[in-house]
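For what it's worth, the working numbering labels the leading residue of the sequence shown as 12, then goes sequentially.
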Amino acid sequence: MKYEIEYEHLIDELVTNEETQWHFKRVKESANKYSLELSDEDFKGFLKLHTSDKDIDWLMLKMSAYRLSFSDVLVCYIIY
(Lines of atoms letter the chains of each structure in order from A and count residues from 1; the text may use other names and numbers.)
(Lines give C-alpha, C1' and ligand atoms only; values in the text may rest on other atoms or scores of the structure.)
Protein backbone atom coordinates (compact mmCIF):
# COMPACT_ATOMS: atom_id res chain seq x y z
CA MET A 1 0.00 0.00 0.00
CA LYS A 2 1.40 3.36 -1.05
CA TYR A 3 1.41 6.17 1.52
CA GLU A 4 -0.18 9.28 0.02
CA ILE A 5 -1.51 12.51 1.45
CA GLU A 6 -2.63 15.06 -1.12
CA TYR A 7 -2.54 18.23 1.03
CA GLU A 8 -5.42 19.49 -1.13
CA HIS A 9 -6.60 21.94 1.50
CA LEU A 10 -3.37 23.93 1.01
CA ILE A 11 -3.50 24.21 -2.77
CA ASP A 12 -5.68 27.33 -2.98
CA GLU A 13 -3.49 29.15 -0.48
CA LEU A 14 -0.06 28.10 -1.73
CA VAL A 15 -0.31 27.42 -5.46
CA THR A 16 -0.45 30.69 -7.39
CA ASN A 17 1.32 29.83 -10.65
CA GLU A 18 3.12 27.01 -12.47
CA GLU A 19 6.32 27.47 -10.47
CA THR A 20 4.62 27.24 -7.08
CA GLN A 21 2.60 24.29 -8.37
CA TRP A 22 5.85 22.51 -9.27
CA HIS A 23 7.38 23.19 -5.83
CA PHE A 24 4.14 22.14 -4.09
CA LYS A 25 4.16 18.86 -5.96
CA ARG A 26 7.80 18.15 -5.06
CA VAL A 27 7.20 18.83 -1.34
CA LYS A 28 4.11 16.60 -1.39
CA GLU A 29 6.02 13.81 -3.15
CA SER A 30 8.90 14.01 -0.67
CA ALA A 31 6.56 13.97 2.34
CA ASN A 32 4.80 10.91 0.96
CA LYS A 33 8.12 9.23 0.09
CA TYR A 34 9.14 9.42 3.76
CA SER A 35 5.61 8.68 5.05
CA LEU A 36 5.38 12.01 6.84
CA GLU A 37 2.06 13.58 7.72
CA LEU A 38 3.10 17.21 7.87
CA SER A 39 1.18 19.89 9.69
CA ASP A 40 0.10 22.84 7.56
CA GLU A 41 2.87 24.96 9.06
CA ASP A 42 5.52 22.30 8.46
CA PHE A 43 4.36 21.89 4.85
CA LYS A 44 4.58 25.65 4.33
CA GLY A 45 8.07 25.66 5.84
CA PHE A 46 9.21 22.89 3.54
CA LEU A 47 7.68 24.71 0.59
CA LYS A 48 9.68 27.84 1.46
CA LEU A 49 12.84 25.79 1.78
CA HIS A 50 12.24 23.99 -1.52
CA THR A 51 11.54 27.29 -3.26
CA SER A 52 14.91 28.47 -1.90
CA ASP A 53 16.59 25.41 -3.46
CA LYS A 54 17.33 23.62 -0.16
CA ASP A 55 17.64 19.84 0.19
CA ILE A 56 14.31 18.96 1.78
CA ASP A 57 14.80 15.23 1.23
CA TRP A 58 17.63 15.16 3.77
CA LEU A 59 15.46 17.03 6.26
CA MET A 60 12.47 14.76 5.72
CA LEU A 61 14.62 11.65 5.99
CA LYS A 62 15.89 12.85 9.37
CA MET A 63 12.35 13.70 10.51
CA SER A 64 11.14 10.28 9.50
CA ALA A 65 14.07 8.21 10.74
CA TYR A 66 14.57 9.96 14.08
CA ARG A 67 11.02 11.22 14.63
CA LEU A 68 12.23 14.80 14.87
CA SER A 69 10.06 17.89 14.71
CA PHE A 70 10.43 20.40 11.90
CA SER A 71 12.24 22.79 14.29
CA ASP A 72 14.61 20.08 15.48
CA VAL A 73 15.47 18.99 11.96
CA LEU A 74 16.20 22.61 10.99
CA VAL A 75 18.64 22.84 13.88
CA CYS A 76 20.33 19.65 12.66
CA TYR A 77 20.55 21.14 9.16
CA ILE A 78 22.20 24.28 10.48
CA ILE A 79 24.66 22.39 12.70
CA TYR A 80 25.73 19.91 10.03
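From the three backbone atoms N, C-alpha and C, an ideal C-beta is built for every residue, glycine too. As the structure is a computational prediction, the values presented were derived from the model and not from experiment.
- With respect to the 8 Å criterion, Lys39 and Tyr18 are classified as neighbours on the basis of their beta carbons.
- Here DSSP, grouped into helix, strand and coil, assigns Asp66 to coil.
- Within the same chain, Leu21, Leu25 come within 8 Å of Lys55 by CB-CB distance, once the 5 residues on both sides are set aside.
- Taken atom to atom, the span from the alpha-carbon of Lys73 to that of Leu58 is near 17 Å.
- If you ignore the 5 residues before and after Ala42, its C-beta comes within less than 6 Å of the C-beta of Leu49, all in its own chain and listed in chain order.
- Looking from the CA of Leu60, the closest CA among Ala76, Ser46, Tyr88 belongs to Tyr88.
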